[in-house]
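*Asks:* What follows is a single structure, and I will ask about it in a moment.
Protein chains: 2
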Amino acid sequence: MTHSQAEENYLKAIFSISEKEGKAASTNAIAAMMQTTAASVTDMLRRLSEKNLIAYEKYRGVTLSESGHKVATALIRKHRLWEVFLVDKLGFTWDEVHEFAEQLEHVQGDALVNRLDQFLGNPKFDPHGDPIPDAQGRWTHRPQALLSTLQTGDRGVVTGVEDHTTAFLQYLDQQGLALGASLEVIERFPYDHSLRVRTHGDRELVLSEKVCQNLYVRTLNT
Amino acid sequence: MTHSQAEENYLKAIFSISEKEGKAASTNAIAAMMQTTAASVTDMLRRLSEKNLIAYEKYRGVTLSESGHKVATALIRKHRLWEVFLVDKLGFTWDEVHEFAEQLEHVQGDALVNRLDQFLGNPKFDPHGDPIPDAQGRWTHRPQALLSTLQTGDRGVVTGVEDHTTAFLQYLDQQGLALGASLEVIERFPYDHSLRVRTHGDRELVLSEKVCQNLYVRTLNT
DNA sequence: ATATTTTTTTTGACTTGTCTAAAAATAATA
DNA sequence: TATTATTTTTAGACAAGTCAAAAAAAATAT
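As given, the protein sequences belong to chains U and R, one line each in that order.
So that you can map any letter, position 82 of the first sequence is 81 in numbering that gives the first Met the number 0, and since no number is skipped, the others follow by simple counting.
So that you can map any letter, position 146 of the second sequence is 145 in numbering that gives the first Met the number 0, and since no number is skipped, the others follow by simple counting.
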């Protein structure tokens, strides 16, 4: 069974909302994420429900069924593998690839995504540090924490971002903070929750609360 | 300006019919190629005409406008570059790639196709020997003739196929007739227009009229 | 030149996905 | 608990793309 691109995008949105909020996704939350109206969402929920891709009770929000969960996972797998391709093979930067991957993720055919996976060396994480589920939908978990939770003296390695906007990614590039960059917290400023950190080459940076709340690090036990 | 996938597919069909027949494409010819009805085609021709992508006169067939020609050429470029990617990089065979390329050709974004072109080494021909237009829409021409036109004693190198069906491509694989294979015509059978040819390793094959009319060769002056 | 066949277009209907405006249900507050 | 505010659904409409059946135009044959 194959689904329309619109249906696939709704399933992805429901997946991401349910995961982040830890509960059923509301009509309004879905409408906000899809940049559409609540009326359109209700319509689509009815259709997805008829196809048994979601569990839907009127006024009570929606969760993915097992088959809906599989479709969403496969989409995320494709999206992230194509992002690896675009960055590793075609030389795009991590802030340029989202729109292309949004289109490429809808290309149908298991053989394609699996060959792509193999060609890329079966990567476990995409260029933003997000995990790539394998062909069976299994995720690789990795301990990481927001930089904002580290204490003075703690050290860590950048593993991912919470905010995927171009503006944030380009800011990180300017600061030399790519994935894998190592950091040590030198000083915390309680006044505005900014941090001074030392990074590669003993360079020191001051990072705002907003930045620290959108940057994941794997902490190193010193 | 961006066009729907349906519109793009119609433009491609009109391009290919006009080129093969050397005249305006008829409603029925388009319907046959698109596997749809004449009524649907008439409807779409009206829309494409409103967008100035085609020159359309009722009952008189249709030709591409300059902008329609550009769109069709760009699509063919994308289709064929993705086919090169699928064969050269992902290891698919030449009979497996058409359906994937039909989807991939609709992915939007000039940067993507141009980076892909570069990554593949700016190939001039796809895995079936068909020419790939460059970013400006210029085609590489190459002298080639159908094998059926060769005379006894003529030698040539396989450069392409007229028939792109899986059945034909797999038949050629079985006979060891990949692109680049060299051939010499040993004998012609006027009765059924079949040919006996010698190929690599002094192997001899008898090829039917149908095969010879679907295989292009570059003739070698002996 | 007229009749017949073929091709093309028109008509009306259906599906998917979208929207605005209004109604209904739920949640929040007094 | 009654009222208000928010969320969600319904109703009706529209655009894109499709189809079958009927009508019109063009091509062909007599």
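In this text, a Cβ means the ideal position worked out from N, Cα and C, and glycines have one as well.
(1) Could you tell me whether any Cβ in chain U is nearer than 7 Å to the Cβ of R/PHE118?
(2) Residues of the segment 66 to 93 of chain R in Cβ contact with chain U at a cutoff of 9 Å, in chain order, please.
(3) Taking 7 Å as the CB-CB cut-off, is U/VAL106 touching chain R?
(4) Using CA coordinates, which residue listed in U/THR158, U/VAL210, U/SER147 and U/GLY21 is at the minimum distance from U/PHE167?
(5) What does the alpha-carbon distance come out to for the pair R/VAL112 and U/GLN150?
(6) If we define contact as Cβ-Cβ less than 7 Å, is U/PHE99 a contact residue for chain R?
(7) Closest to R/THR218 by C-alpha separation, out of R/VAL157, R/SER3 and R/THR165, would be which residue?
(8) If you measure beta-carbon to beta-carbon, which residues of the segment 179 to 193 of chain R are closer than 8 Å to chain U?
(9) Where do the N-terminal and C-terminal ends of the alpha helix (DSSP H) with R/ALA73 fall, by residue?
(10) Taking R/ILE13 as the reference, which of R/GLN107, R/GLU20, R/ALA24 and R/GLN4 has the closest Cα?
(11) Could you work out which residue in U/THR164, U/VAL184, U/GLY155 and U/TYR190 is closest to U/LEU178 when comparing CA atoms only?
(12) So what's R/ILE13 in DSSP terms, helix, strand or just coil?
(13) For R/PHE188, write down the residues that DSSP places opposite it in a beta bridge.
(14) What are the uninterrupted segments assigned as beta strand (DSSP E) that are 3 or more residues long and contained completely in the segment 137 to 174 of chain U, given in chain order?
(15) With a cut-off of 7 Å, does the C-beta of U/ARG45 fall near any C-beta of chain R?
(16) How about R/LEU111: is its C-beta nearer than 7 Å to some C-beta of chain U?
(17) Could you name the residues that DSSP lists as bridge partners for R/VAL216?
(18) Say whether the segment 19 to 39 of chain R touches the segment 51 to 68 of chain R, bearing in mind that this needs 3 or more beta-carbon pairs closer than 8 Å, one atom from each stretch.
(19) Note down, in chain order, each residue of its chain lying with its Cβ closer than 8 Å to the Cβ of U/VAL86, except the 5 sequence neighbours on either side.
(20) Do the segment 65 to 81 of chain R and the segment 117 to 135 of chain R touch if we need at least three Cβ pairs shorter than 8 Å?
(21) Looking only at DSSP bridge pairs, what is U/GLU203 linked to?
(22) Assuming the contact rule is C-beta atoms closer than 8 Å, U/SER63 and U/SER17 should be a hit. Round their C-beta distance to whole Å, please.
(23) With a CB to CB cut of under 7 Å and the five nearest residues on each side skipped, what residues in its chain are close to U/ARG187?
(24) Would you please verify whether the beta carbon of U/GLN102 is less than 7 Å from any beta carbon of chain R?
(25) If you reduce the DSSP assignment to three classes, tell me which class U/PHE99 lands in.
(26) If you follow the beta strand (DSSP E) that R/ALA54 is in, where does it begin and where does it stop?
(27) Under 7 Å between C-beta atoms, does U/ARG114 make it to chain R?
(28) Could you check if U/ASN8 is buried or exposed, using at least 16 other CB atoms within 10 Å of its CB as the buried criterion?
(29) Our contact map puts U/VAL216 next to U/GLN143 with C-beta atoms below 8 Å; I'd like the distance itself, whole angstroms only.
*Replies:* Straight from the coordinates:
(1) yes
(2) LEU85, LYS88, LEU89, GLY90 and PHE91
(3) yes
(4) U/VAL210
(5) 46 Å
(6) yes
(7) R/VAL157
(8) none
(9) 65 to 83
(10) R/ALA24
(11) U/GLY155
(12) helix
(13) R/SER193
(14) 154 to 160
(15) no
(16) yes
(17) R/ALA144 and R/VAL157
(18) yes
(19) THR92, TRP93, VAL96 and PRO126
(20) yes
(21) U/ARG197
(22) Residue 63 of chain U is actually Leu in this sequence, not Ser. About 7 Å; that satisfies the 8 Å criterion.
(23) THR151 and LEU194
(24) yes
(25) helix
(26) 53 to 55
(27) yes
(28) buried
(29) 6 Å
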